[in-house]
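Trainee: To start, I am sharing the structure in question, which I have written as structure tokens.
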Amino acid sequence: MLPAIASHTDPDMAPNYVMVEAGRLDAFVAAIFRAAGCDPAEAGRISTHLLGANLAGHDSHGVARVPRYVEWLEAGYVVKGQDAEIVTDGGCFALLDGHFGFGQTVAPQAVELGIARAQQHGIAVVGLRNAGHIGRAGDYAETAIRAGLISVHFVNVAGSVLVAPFGGVERRFSTAPFSVGVPLPGRPLVLDFATSLVAEGKVLVASNGGKPLPKDALIEPDGTLSGDPHTLYGEYPQVGPRSPANGRGAIRAFGEHKGSGLAFMCEMLAGALTGGGTSGPVDARGRIANGMLSFYVSPRHFGTEAEFFATGRDYVDWVLACAPANPDEPVLAPGDKEAATRADRLANGVPLQPDTWESILQVARRLGVNEPA
Ligand code: NAD
314 MLPAIASHTD
324 PDMAPNYVMV
334 EAGRLDAFVA
344 AIFRAAGCDP
354 AEAGRISTHL
364 LGANLAGHDS
374 HGVARVPRYV
384 EWLEAGYVVK
394 GQDAEIVTDG
404 GCFALLDGHF
414 GFGQTVAPQA
424 VELGIARAQQ
434 HGIAVVGLRN
444 AGHIGRAGDY
454 AETAIRAGLI
464 SVHFVNVAGS
474 VLVAPFGGVE
484 RRFSTAPFSV
494 GVPLPGRPLV
504 LDFATSLVAE
514 GKVLVASNGG
524 KPLPKDALIE
534 PDGTLSGDPH
544 TLYGEYPQVG
554 PRSPANGRGA
564 IRAFGEHKGS
574 GLAFMCEMLA
584 GALTGGGTSG
594 PVDARGRIAN
604 GMLSFYVSPR
614 HFGTEAEFFA
624 TGRDYVDWVL
634 ACAPANPDEP
644 VLAPGDKEAA
654 TRADRLANGV
664 PLQPDTWESI
674 LQVARRLGVN
684 EPA
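Throughout, the working numbering is defined as the position within the sequence shown, counted from one, plus 313.
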């Protein structure tokens, strides 16, 4: 039973948000990508993944990305119709190259291979490099959960440097997400977060007058902590694009030295080991791409599946029975917030900032796609 914690009246949203029914939004976004030249299957994968991020409550990785994805496609920055190619195949491990195809195509292919190999060997390690933006990393942990597998995903963004390491004032890391999925029957656990204190999308929202940033989310070159988006974007007009290239500061890694260390390892494993490159200048190839190193474990092969399920369920129940610090905010397990938001938004619609909706409509009009009724 999931706690009732989410409301479709998201506090991050402007009061005049637009509410769109999930199925219509999915069909509309798929139509945009078909009009942009993707085949129907790829267009559907992109729309369903982006919608999935909105349904999970991660709007920074949802349909707000449509204009940027279409721009990337038109600029040849991301390539339609690519398949992930196997570069190295060691049976229980493999390395794939995404050839800058859509992350929503090549990352599911890498996950599919990892699942098949783990079901065969009990464990699998799969690296993916040169993937277009793979979006919400938790989506891939959820796919492995549906196959009954534990998975751990280290992700980096080659060529994208936005985050200062602990103790530093200059940008060194990407926002490098990390995700773990645990398939407890009826009670899946999905940990999924960026290793930056805030996602860049949240800095963007704050710069547009949305929810303010925590006062220590960013850092100035002189070491002053800041919650002011100008630290990342420099000077910008009230309406118009913002670019991190114009700012002198950085986003901070979450969790002091611990989160900074995790970001470091995402760059090492997903970037350096896969050969896709890190956020560092040596590896910047003028093209931003995700790398991902994923580990898959089959509890069935371990021979402890029954204990794992029983002990795991007991442990979750015990943790969640912890007395809350605030009586209105129950203790949650990883993935609970997303599951509750998903249930709410599937029932009530997906709230979108008016500017986000307008920017999607503009792309749709330009490509000749009709606005949903
Ligand atoms: P976040 O800070 O909202 O953290 C989300 C995680 O914290 C989830 O596992 C959630 O269940 C858990 N959580 C949230 N509230 C909780 C509570 N009260 N108690 C217990 N657990 C709780 O996430 P974020 O850092 O803003 O990341 C957002 C998304 O951005 C993620 O899906 C991530 O994969 C994605 N991302 C992708 C890229 C990329 O390059 N593809 C880069 C950065 C981030």
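For glycine and all other residues, C-beta sits at the position ideal for the given N, C-alpha and C.
According to DSSP, is Pro316 helix, strand or coil?
Mentor: Sequence index remark: in the sequence shown, residue 316 carries index 3 (1-based). Residue confidence is low: Pro316 scores 36 on pLDDT, short of 50, so the model does not pin down where it sits. No coordinate-derived value is stated.
Trainee: Which residues does DSSP pair with Asp705 in a beta bridge?
Mentor: What is shown of the chain runs 314 to 686, which leaves residue 705 out entirely.
Trainee: Give me the Cβ distance between Ala397 and Gln432, rounded to the nearest whole Å; I'm assuming they're in contact under 8 Å.
Mentor: The residue labelled residue 397 in the question sits at position 84 within the sequence shown. The residue labelled residue 432 in the question sits at position 119 within the sequence shown. Their Cβ separation, rounded to whole angstroms, is 19 Å, which puts Ala397 and Gln432 out of contact at 8 Å.
Trainee: What number of angstroms, rounded off, separates the C-alpha of Pro667 from the C-alpha of Gly616?
Mentor: Translated into the one-based positions of the sequence shown, residue 667 becomes position 354. Translated into the one-based positions of the sequence shown, residue 616 becomes position 303. Going by the C-alpha atoms only, they are around 52 Å apart.
Trainee: Using 8 Å as the threshold, is the C-beta distance between Cys579 and Phe467 below it?
Mentor: The sequence position of residue 579 within the sequence shown is 266, counting from 1. The sequence position of residue 467 within the sequence shown is 154, counting from 1. Going by C-beta atoms, Cys579 is nearer than 8 Å to Phe467.
Trainee: Please state whether the Cβ-Cβ distance between Val465 and Phe608 is less than 8 Å.
Mentor: Along the sequence shown, read from residue 1 onward, the residue named residue 465 stands at position 152. Along the sequence shown, read from residue 1 onward, the residue named residue 608 stands at position 295. In contact: Val465 and Phe608 (Cβ atoms closer than 8 Å).
Trainee: What separation, rounded to the nearest whole angstrom, lies between the Cα atoms of Cys405 and Glu455?
Mentor: One-based indexing of the sequence shown puts residue 405 at position 92. One-based indexing of the sequence shown puts residue 455 at position 142. Cα-Cα distance, rounded: 21 Å.
Trainee: Assuming Val383 and Val682 form a contact by the criterion Cβ under 8 Å, report the distance between their Cβ atoms to the nearest whole angstrom.
Mentor: Translated into positions along the sequence shown, residue 383 becomes position 70. Translated into positions along the sequence shown, residue 682 becomes position 369. With a Cβ gap of about 11 Å, Val383 and Val682 do not count as contacting.
Trainee: Does the contact criterion of 3 or more C-beta pairs under 8 Å hold for the stretch 389 to 396 versus the stretch 564 to 571?
Mentor: The stretch 389 to 396, when compared against the stretch 564 to 571, does not touch it at the 8 Å Cβ threshold.
Trainee: May I have the straight-line CA-CA distance separating Leu680 from Gly522, to the nearest angstrom?
Mentor: Taking the first residue of the sequence shown as 1, we reach residue 680 at position 367. Taking the first residue of the sequence shown as 1, we reach residue 522 at position 209. Taking the straight line from one Cα to the other gives about 29 Å.
Trainee: From what residue to what residue does the alpha helix (DSSP H) around Arg626 run?
Mentor: Locating residue 626 in the sequence shown gives position 313, counting from the first residue. 618 to 633 is the span of the alpha helix (DSSP H), which, as asked, contains Arg626.
Trainee: Do the CB positions of Leu545 and Leu582 come within less than 8 Å of each other?
Mentor: What you label residue 545 is simply residue 232 of the sequence shown in a count that begins at 1. What you label residue 582 is simply residue 269 of the sequence shown in a count that begins at 1. Their beta carbons are not under 8 Å apart, which means Leu545 does not touch Leu582 by this criterion.
Trainee: Please go through the same chain and pick out, in chain order, the residues whose beta-carbon is closer than 7 Å to the beta-carbon of Pro498, but skip the five residues on each side of it.
Mentor: Here residue 498 is taken as the residue at index 185 of the sequence shown, counted from 1. Counting only Cβ-Cβ distances below 7 Å, and skipping sequence neighbours, we find Phe622.
Trainee: Please classify Asn443: is it buried, with 16 or more other beta-carbons within 10 angstroms of its beta-carbon, or exposed?
Mentor: Numbered from its first residue, the sequence shown carries residue 443 at position 130. The residue is buried, with at least 16 neighbouring Cβ atoms inside 10 Å.
Trainee: In angstroms with no decimal places, state the Cα-to-Cα distance between Ile601 and Gly472.
Mentor: Sequence index remark: in the sequence shown, residue 601 carries index 288 (1-based). Sequence index remark: in the sequence shown, residue 472 carries index 159 (1-based). One C-alpha to the other measures close to 5 Å.
Trainee: Cβ atoms of Ala530 and Ala561: under 8 Å apart, would you say?
Mentor: Position 248 of the sequence shown, counted from the first residue, corresponds to residue 561. Position 217 of the sequence shown, counted from the first residue, corresponds to residue 530. The sequence shown places Arg at residue 561, rather than the Ala named in the question. Taking 8 Å as the Cβ cut-off, Arg561 and Ala530 do not qualify as a contacting pair.
Trainee: Check the DSSP bridge columns for Arg267 and list the partner residues they point to.
Mentor: Nothing can be reported for residue 267: it is not among the residues displayed for the chain, which extend from 314 to 686.
Trainee: Just reading off the alpha helix (DSSP H) that Val383 is part of, what are its end residues?
Mentor: On the sequence shown, residue 383 is found 70 positions in, with the first residue counted as 1. Segment 379 to 387, the alpha helix (DSSP H) holding Val383.
Trainee: How big is the Cα-Cα spacing for Ser509 and Phe486?
Mentor: Numbered from 1 along the sequence shown, position 196 holds the residue referred to as residue 509. Numbered from 1 along the sequence shown, position 173 holds the residue referred to as residue 486. Each residue's Cα considered, the two are about 9 Å apart.
Trainee: I need the DSSP call for Ala602, collapsed to helix, strand or coil.
Mentor: On the sequence shown, residue 602 is found 289 positions in, with the first residue counted as 1. Strand.
Trainee: What does the alpha-carbon distance come out to for the pair Ala354 and Pro380?
Mentor: If you number the sequence shown from 1, residue 354 lands on position 41. If you number the sequence shown from 1, residue 380 lands on position 67. Cα to Cα, the separation comes out at about 19 Å.
Trainee: So, does the stretch 634 to 642 touch the stretch 342 to 357, judging by three or more C-beta pairs under 8 Å?
Mentor: With a cut-off of 8 Å, the stretch 342 to 357 and the stretch 634 to 642 do not count as touching, because too few Cβ pairs lie within range.
Trainee: Mind pulling the beta strand (DSSP E) runs of 3 or more residues that sit fully within the stretch 335 to 405?
Mentor: Fully enclosed beta strand (DSSP E) runs of 3 or longer: 398 to 402.
Trainee: Does the beta-carbon of Ser641, which I'm using as the reference point, lie nearer than 7 Å to any heavy atom of the ligand NAD?
Mentor: Translated into positions along the sequence shown, residue 641 becomes position 328. Rather than Ser, the amino acid found at residue 641 in this sequence is Asp. No - the ligand NAD has no heavy atom lying nearer than 7 Å to the Cβ of Asp641.
Trainee: Would you decide whether Lys528 is buried or exposed? Buried here means 16 or more other CB atoms lie within 10 Å of its CB.
Mentor: In the sequence shown, residue 528 corresponds to position 215, counting from 1. By the neighbour-count rule (16 or more Cβ atoms within 10 Å), Lys528 is not buried but exposed.
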